[in-house]
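Visitor: So that we are looking at the same thing, I have put the structure below in structure tokens.
Residue numbers (the working numbering): 781 to 1066.
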């Protein structure tokens, strides 16, 4: 397990216990116990490390104690080699996992064929049974991936009772502007906005030429510099927002990071209304 893996797992563990740590209003022991009992009933998925796993109350209490003593480093798992996959480089495992998620109907043998044909993997260097065990251990069998795609999710409306408790963020395609790198041509400008859930106030909004992770990080940094650290950051499931780096940044700062479900926009209505306001009030004049 690499250090990046350990940091990613620590960030996810923090997300699970974030509701009882770094709160503006601390919970009493009874409330903490009730929260952990509720969390213990849930199943948690964090690819590729675990899928549909349950964590007991004692485990959650231990994570809370370790976080309070050591910070995010206390949530990192102990180093332990993976059995049965050490012969496969991690970059090839990630490629295989990506193919399985994007095309779950493909067999293990067909995935290996794609690795050989498209990525220069030597024929016979990876045994099908080894890759199959890796998929099974990480919840990436064909049936599991197909089942997840067909699963229907419920929703919970976000409600906060004070400003600066919850921020929502997203990118919005707005105007074609002259491209500074290509004279005579125009390029789409993307608005990255972070809105306070309670007040609908723009804590920061800025135009960028793309919607990649560094743009989001810059926007979030400026919002924090102006208004301080928020309790929860709720955003889209796009690549910029789901990047592991953003999760680690939020965990280091004690911010609870949460995402909307892929292809399920419910919960982002407030920032969508803000973008409609921008389109109707600012864009026509621009």
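Even for Gly, the Cβ is constructed at its ideal location relative to N, Cα and C. Computed from a predicted structure; not experimentally measured.
1. Can you tell me whether residue 901 is buried or exposed, with buried defined as 16 or more other CB within 10 angstroms of its CB?
2. Is the Cβ-Cβ distance between residue 970 and residue 958 less than 8 Å?
3. Do residue 925 and residue 948 have their C-beta atoms closer together than 8 Å?
4. With a cut-off of 8 Å, do at least 3 Cβ pairs link the stretch 850 to 857 to the stretch 812 to 826?
5. Measure how close the beta-carbons of residue 1007 and residue 983 come, nearest whole angstrom, since I'm counting them as under 8 Å.
6. Just list the beta strand (DSSP E) runs in the stretch 935 to 1016, keeping only unbroken ones of 3 residues or longer that don't cross its boundaries, in chain order.
7. Among the residues of its own chain, which have a CB less than 7 Å from the CB of residue 869, if the five just before and after it don't count?
8. What's the gap between the Cα of residue 1026 and the Cα of residue 844?
9. Could you tell me which residues DSSP pairs with residue 1037 in its beta bridges?
10. Could you tell me the boundaries of the beta strand (DSSP E) in which residue 825 lies?
11. Between residue 985 and residue 950, is the Cβ-Cβ spacing less than 8 Å?
Guide: Judging by the given coordinates:
1. Buried, since its Cβ has 16 or more Cβ neighbours within 10 Å.
2. No. Outside cutoff.
3. The Cβ atoms of residue 925 and residue 948 do not sit closer than 8 Å to each other.
4. Proximity of the stretch 850 to 857 to the stretch 812 to 826 falls short of the contact definition, fewer than three beta-carbon pairs being nearer than 8 Å.
5. 5 Å between Cβ atoms; contact.
6. With a minimum length of 3 residues, the continuous beta strand (DSSP E) runs that stay inside the stretch 935 to 1016 are 946 to 958, 966 to 976, 982 to 988, 1012 to 1015.
7. The beta carbon of residue 869 lies closer than 7 Å to none in the same chain, with the five residues before and after it left out.
8. A straight line joining the alpha-carbon of residue 1026 with that of residue 844 spans about 21 Å.
9. Residue 1037 is bridged to 1013.
10. In this chain, the beta strand (DSSP E) harbouring residue 825 covers 824 to 826.
11. It is not a contact, given that the beta carbons lie outside the stated cut-off.
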